[in-house]
Amino acid sequence: MKLAVFFSDMRRTEDTYERLKADKLGVILLGNGIYHAVLKEGGKESPVLTKPGANFYVLSDDLETRGFTAANVNSKVKVVSYGDVVDLIMNDYEKIAWL
Amino acid sequence: MAELTLGVFPSLVGSMSLDFSFRLAEAAMAKGHKVNMWLSGNAVMMSKKGQRAFKDYSYCEKRMKELMGKGMEITVCEACAEARGYHKEDTPEGMKRASMDWYLAKTVKTDRLLHIGGE
Numbered sequence: 045m046k047l048a049v050f051f052s053d054m055r056r057t058e059d060t061y062e063r064l065k066a067d068k069l070g071v072i073l074l075g076n077g078i079y080h081a082v083l084k085e086g087g088k089e090s091p092v093l094t095k096p097g098a099n100f101y102v103l104s105d106d107l108e109t110r111g112f113t114a115a116n117v118n119s120k121v122k123v124v125s126y127g128d129v130v131d132l133i134m135n136d137y138e139k140i141a142w143l
Numbered sequence: 004m005a006e007l008t009l010g011v012f013p014s015l016v017g018s019m020s021l022d023f024s025f026r027l028a029e030a031a032m033a034k035g036h037k038v039n040m041w042l043s044g045n046a047v048m049m050s051k052k053g054q055r056a057f058k059d060y061s062y063c064e065k066r067m068k069e070l071m072g073k074g075m076e077i078t079v080c081e082a083c084a085e086a087r088g089y090h091k092e093d094t095p096e097g098m099k100r101a102s103m104d105w106y107l108a109k110t111v112k113t114d115r116l117l118h119i120g121g122e
């Protein structure tokens with residue numbers, strides 16, 4: 045299964061996240077979830093970004109609303125527009141979930 | 004063209020997820036996809052017509068009406084609306100009211116489903 049999950053919050057949701065298994069996993073960070081893409085805690089990147097094999101995306105509008113730019117984003121994460129998100133969920137992933 | 008159904012539960016106030024829902028719907032329609040939206044839980048506050056736009060305050064009614072004008076189908080959970088005092092006569096023109104059966108039927112037929120939980 046090709047699964048895309050949306051993270052809209054900075055709160056710890058790894059319990060559910062860690063149990064997710066998919067042949068292809070996409071993680072789309074939006075809202076306050078964008079902080080996973082730009083902040084470090086204790087010098088370490090967010091645990092969300094340590095999922096093996098996952099593809100990471102962050103919504104540019106929500107990034108910029110919070111004062112960040114693509115230059116602030118972890119190199120694992122691709123900056124995407126709303127149109128890109130539509131293409132991801134319509135073309136690249138079969139199932140989508142909101143965490 | 005594919006069909007995207009959004010199940011939307013967060014309220015307009017205190018959450019940005021409702022705003023995201025309409026923006027995603029707008030982007031999907033701009034790419035030629037059909038979009039359905041189910042408003043339930045606290046998201047039923049969008050089923051009250053005549054919402055007033057203030058500066059720097061969440062407001063989605065204008066975008067919602069524009070999207071409905073372009074063909075987006077929006078249905079509100081009748082029970083959730085009635086429980087909060089939003090009645091049939093309050094409902095914006097073009098918005099449907101139905102039981103959860105409507106949403107369940109869409110989840111089976113739609114190409115993609117995104118269920119956006121509430122607070």
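Note that the protein sequences, when read in sequence, are chains A and B. Position in the first sequence (first residue = 1) + 44 = this note's numbering. Position in the second sequence (first residue = 1) + 3 = this note's numbering. Beta carbons: idealized from backbone N, C-alpha and C, even for Gly.
Under 9 Å between the Cβ atoms of residue i and residue j?
| i | j | result |
| --- | --- | --- |
| residue 114 of chain A | residue 70 of chain A | no |
| residue 103 of chain B | residue 80 of chain B | yes |
| residue 70 of chain B | residue 37 of chain B | no |
| residue 112 of chain A | residue 92 of chain A | no |
| residue 113 of chain B | residue 39 of chain B | yes |
| residue 74 of chain B | residue 32 of chain B | yes |
| residue 139 of chain A | residue 48 of chain A | yes |
| residue 43 of chain B | residue 89 of chain B | no |
| residue 41 of chain B | residue 72 of chain B | no |
| residue 50 of chain B | residue 100 of chain B | yes |
| residue 52 of chain A | residue 19 of chain B | yes |
| residue 142 of chain A | residue 77 of chain B | no |
Contact criterion: CB-CB distance below 9 Å. Does residue i meet it with respect to chain E?
| i | result |
| --- | --- |
| residue 50 of chain A | Absent here is chain E; the protein component of the structure consists of chains A and B. |
With respect to the alpha helix (DSSP H) encompassing residue i, which residues constitute its N-terminal and C-terminal limits?
| i | result |
| --- | --- |
| residue 112 of chain A | Segment: none, residue 112 of chain A is in no alpha helix (DSSP H) and carries neither H nor E. |
| residue 65 of chain B | 64-72 |
| residue 141 of chain A | No alpha helix (DSSP H) contains residue 141 of chain A, which is instead part of the beta strand (DSSP E) from 139-142. |
| residue 21 of chain B | 20-33 |
| residue 16 of chain B | Run containing residue 16 of chain B: none; DSSP gives neither H nor E here. |
The beta strand (DSSP E) spanning residue i covers which residue range?
| i | result |
| --- | --- |
| residue 52 of chain B | It is not in any beta strand (DSSP E) - residue 52 of chain B carries neither H nor E in the DSSP assignment. |
| residue 9 of chain B | 6-11 |
| residue 79 of chain B | 76-80 |
| residue 80 of chain A | No beta strand (DSSP E) holds residue 80 of chain A; the alpha helix (DSSP H) holding it covers 79-82. |
| residue 92 of chain A | Element bounds for residue 92 of chain A: n/a, residue is neither H nor E. |
| residue 130 of chain A | First-last for residue 130 of chain A: 126-131, but that is the alpha helix (DSSP H), not the beta strand (DSSP E). |
| residue 38 of chain B | 37-42 |
| residue 3 of chain B | Past the boundaries of the shown model lies residue 3 of chain B; chain B is included only from 4 to 122, so the question cannot be answered. |
Bridge partners for residue i per DSSP, in chain order?
| i | result |
| --- | --- |
| residue 70 of chain A | A:48 and A:99 |
| residue 99 of chain B | B:78 |
Check the Cβ of residue i against every Cβ in chain A and list those closer than 7 Å, keeping chain order.
| i | result |
| --- | --- |
| residue 119 of chain B | 142 |
Against residue i, what residues of chain B qualify as contacts under a CB-to-CB distance less than 9 Å, listed in chain order?
| i | result |
| --- | --- |
| residue 134 of chain A | 5, 7, 31, 34, 36, 114 and 115 |
Whose Cβ in chain A lies nearer than 8 Å to the Cβ of residue i?
| i | result |
| --- | --- |
| residue 43 of chain B | Near residue 43 of chain B there are no residues of chain A at all, since even the closest Cβ is about 14 Å away, more than 8 Å. |
| residue 27 of chain B | 126, 129 and 130 |
Under 7 Å Cβ-Cβ, which residues of chain B neighbour residue i?
| i | result |
| --- | --- |
| residue 74 of chain A | 23 |
Give the interface partners of residue i over in chain A, defined as CB-CB distance under 9 Å, in chain order.
| i | result |
| --- | --- |
| residue 19 of chain B | 52, 74, 75, 76, 106 and 109 |
Fill in: Members of the region 113-127 of chain A that neighbour chain B once the beta carbon cut-off is set at 9 Å
125, 126 and 127
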